[in-house]
Amino acid sequence: MKTAIAALLLAVSAGAQAPSVPLALQTFDAAWSIIDTTYYDPAFRGVDWNAVRDELRPQAARAASGDQLREVIRRMIARLGESHFAVLPQFAETSEQQFGDLSGSPGFDVRASGDALLVTRVDPKSPAHQSGVRAGQLVTRIGATDVSTLVAALPADAPPQLRGWELWRAASLRLRGPAGSRVTAIFDGAPRVIARVEEPGQTVLLGNLPPMRLDVEASAVETPSGAAAGVIRFNVWMAGADAPVADAVHRFRSARGIVLDLRGNPGGLAGMLQGISGHFFGERVALGTMKTRETSLTFFANPRLSRPDGTRVAPYGGPVAILVDGLTGSASECFAGGMQAVGRARVFGETTMGQALPASFTRLPNGDMLLHAIADFVTADGTRLEGRGVIPDEPVRVDVRTLAGGRDPVLEAALAWIDGV
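Here you go:
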């Protein structure tokens, strides 16, 4: 009751006049309430959450601009000392409603490299490849938008992984469009017109990300010594990936090693990691535990001892390498971190997003988006991944020169390790 009265008095003292920013108080109150009801720690890590609201609400009422309001909300969520929270401007949360039909892909992937946008992977069968787009090129303009403009609008106080993720998403939304349409972009100073194509497979919608097509790839490769290895890449943790991943593991069951490529995989259904990991364990092993405010759930590797047709098989027992980068997030981090913690896999690449917690994006009344954690996750050895990410056992950075030379140094490092195990 005291809290409700205090809030009412603050609303009156904030002024009998309305806030200068539309929906300022409604937006602040919504952000506070969302965290109040969904944050996984009911003790708020020792922070008096009601007192934080009472202190900062008058400042929200006096905000003279959207930026000032966001700054007040950022100060509020900063009190929790968590890196997994952010308030993002409306521009950053563009959706299909603003951009329209996003069914067409440009046929290549990009990543943030500092404040630059780097082409990291090109489909060799795509019109983009035919027009001369190659890994290692820098994209400086998409349509009428300079990449520098996208960078300037990123939250300055956000962690580097979040800034990289947000730049990737803003760029991807502009690169995509209706299948059959074209997009003009500037690569290494040269403009190219790229036809967008419809990708095969099942369309997957995950949170506020651009639409993706579920994609599972399996390829046989050789280690530096000439031994057989298999590379399995999938781009999202959705049920449709389970069968093709199982087929790929079976295909490489006699290989010297298996590489799981989770670069760019933003996550999905966390429960799937119990089945996918089961391909690599002969017994049930705990990988980590997820804790919400009300429940606790331990994720186990459940051994996969048979094929879909009932044929008995032994789980794969050879070395397993996992490839990660700054867009590896959520369920992918739980999987990679869990496999790393129990010593079943070696991780290569760049530190992951540090967004391994189950989290939600919720739109606020003013149109901004609030990123907020709803659970905690620790691996079997007690490592908390939120804000930290999965730190590779062998860090490998990808740069313009190696990509332009047609090399994949992360995969190369993993294959060399397989040779030495």
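Heads up: take any position in the sequence shown, counting from 1, add 740, and you land on the numbering used here. Glycine is no exception: its CB is placed at the ideal position from the N, C-alpha and C atoms. Computed from a predicted structure; not experimentally measured.
Within 10 angstroms of the Cβ of residue i, are there 16 or more other Cβ atoms? Answer buried if so, exposed if not.
{"i": "T777", "result": "exposed"}
{"i": "Q877", "result": "buried"}
{"i": "V1118", "result": "buried"}
{"i": "G1129", "result": "buried"}
{"i": "P918", "result": "exposed"}
{"i": "V752", "result": "Model confidence at V752 stands at a pLDDT of 34, short of 50, so the residue's coordinates are unreliable and nothing is read from them."}
{"i": "A1085", "result": "buried"}
{"i": "R1024", "result": "exposed"}
{"i": "A911", "result": "buried"}
{"i": "A832", "result": "Residue placement at A832 cannot be trusted, given a pLDDT of 41 that sits under 50; the coordinates are not used to answer."}
{"i": "P1006", "result": "buried"}
{"i": "T1068", "result": "buried"}
{"i": "L894", "result": "buried"}
{"i": "L1110", "result": "buried"}
{"i": "P826", "result": "First, the amino acid is wrong: residue 826 is Ala here, not Pro. Result: buried."}
{"i": "P1037", "result": "Correcting the residue identity first, residue 1037 is Leu in this sequence and not Pro. Classification for L1037: exposed."}
{"i": "G1145", "result": "exposed"}
{"i": "A988", "result": "buried"}
{"i": "E1034", "result": "exposed"}
{"i": "E1090", "result": "buried"}
Is the Cβ-Cβ distance between residue i and residue j less than 7 Å?
{"i": "I972", "j": "A960", "result": "no"}
{"i": "P867", "j": "L915", "result": "no"}
{"i": "R932", "j": "S871", "result": "yes"}
{"i": "F992", "j": "L1013", "result": "no"}
{"i": "F1020", "j": "V1060", "result": "yes"}
{"i": "L913", "j": "A852", "result": "no"}
{"i": "A875", "j": "V850", "result": "no"}
{"i": "G970", "j": "I1158", "result": "no"}
{"i": "V761", "j": "A818", "result": "no"}
{"i": "S843", "j": "E938", "result": "yes"}
{"i": "I882", "j": "H1112", "result": "no"}
{"i": "E1126", "j": "H824", "result": "yes"}
{"i": "G1008", "j": "W977", "result": "yes"}
{"i": "A1115", "j": "L1097", "result": "yes"}
{"i": "V792", "j": "M816", "result": "yes"}
{"i": "A1153", "j": "V1136", "result": "yes"}
{"i": "D1108", "j": "P829", "result": "yes"}
{"i": "V956", "j": "F927", "result": "no"}
{"i": "A968", "j": "A995", "result": "yes"}
{"i": "Y780", "j": "T1032", "result": "yes"}
Under the three-state reduction of DSSP, which class applies to residue i: helix, strand or coil?
{"i": "G1160", "result": "helix"}
{"i": "V996", "result": "Note that residue 996 is Arg in the sequence shown, not Val. R996 falls in the coil class under three-state DSSP."}
{"i": "I775", "result": "helix"}
{"i": "V891", "result": "helix"}
{"i": "V812", "result": "helix"}
{"i": "T693", "result": "In this structure the chain extends from 741 to 1161, so residue 693 is not present and cannot be described."}
{"i": "S845", "result": "strand"}
{"i": "V933", "result": "strand"}
{"i": "R1024", "result": "coil"}
{"i": "A1113", "result": "strand"}
{"i": "G1078", "result": "helix"}
{"i": "D955", "result": "coil"}
{"i": "V1140", "result": "helix"}
{"i": "I1131", "result": "coil"}
{"i": "D1108", "result": "coil"}
{"i": "M978", "result": "coil"}
{"i": "D886", "result": "strand"}
{"i": "L878", "result": "strand"}
{"i": "S1017", "result": "helix"}
{"i": "V1150", "result": "helix"}
{"i": "A1041", "result": "strand"}
{"i": "D794", "result": "helix"}
{"i": "E939", "result": "coil"}
{"i": "M1030", "result": "strand"}
{"i": "I806", "result": "It is Gly, not Ile, that sits at residue 806 in the sequence shown. Helix."}
{"i": "Q1088", "result": "It is worth fixing the name first, because residue 1088 is Phe in this sequence and not Gln. Of the three classes helix, strand and coil, the one that applies to F1088 here is strand, per DSSP."}
{"i": "A898", "result": "coil"}
{"i": "E833", "result": "At E833, the pLDDT of 41 sits below 50, so the modelled position is not reliable; the number obtained from the coordinates is stated separately. Note: E833 maps to helix in three-state DSSP."}
{"i": "F825", "result": "coil"}
{"i": "G966", "result": "coil"}
{"i": "A783", "result": "coil"}
{"i": "L1155", "result": "helix"}
My understanding is that residue i touches residue j, with C-beta atoms under 8 Å, so please give their C-beta distance in whole angstroms.
{"i": "D1170", "j": "G1015", "result": "As shown, the chain starts at 741 and ends at 1161. That puts residue 1170 outside it, with no answer to give."}
{"i": "V999", "j": "L1151", "result": "7 Å"}
{"i": "V1087", "j": "D1133", "result": "5 Å"}
{"i": "V891", "j": "V879", "result": "Actually they are not in contact, since the Cβ atoms of V891 and V879 sit about 12 Å apart, beyond 8 Å."}
{"i": "R1044", "j": "G1018", "result": "4 Å"}
{"i": "R936", "j": "R922", "result": "7 Å"}
{"i": "G1094", "j": "P899", "result": "7 Å"}
Report yes if the C-beta of residue i is less than 6 Å from at least one heavy atom of the ligand MG; otherwise report no.
{"i": "W977", "result": "Absent from the structure shown: the ligand MG. Ligands present: none."}
With a threshold of 7 Å between beta-carbons, can residue i be considered close to chain B, or not?
{"i": "P931", "result": "Note that chain B does not occur in the displayed structure, where there is just one protein chain."}
For this session: Taking 8 Å as the threshold, find out whether the stretch 804-815 comes into contact with the stretch 762-782 through three or more Cβ pairs.
Result: Counting C-beta pairs with one atom in each stretch, the stretch 804-815 and the stretch 762-782 have three or more that are closer than 8 Å, which means they touch.
Exercise. Pairing CB atoms from the stretch 894-903 with CB atoms from the stretch 937-944, are three or more of them under 8 Å?
Worked result: Cβ pair count under 8 Å is below three, so no.
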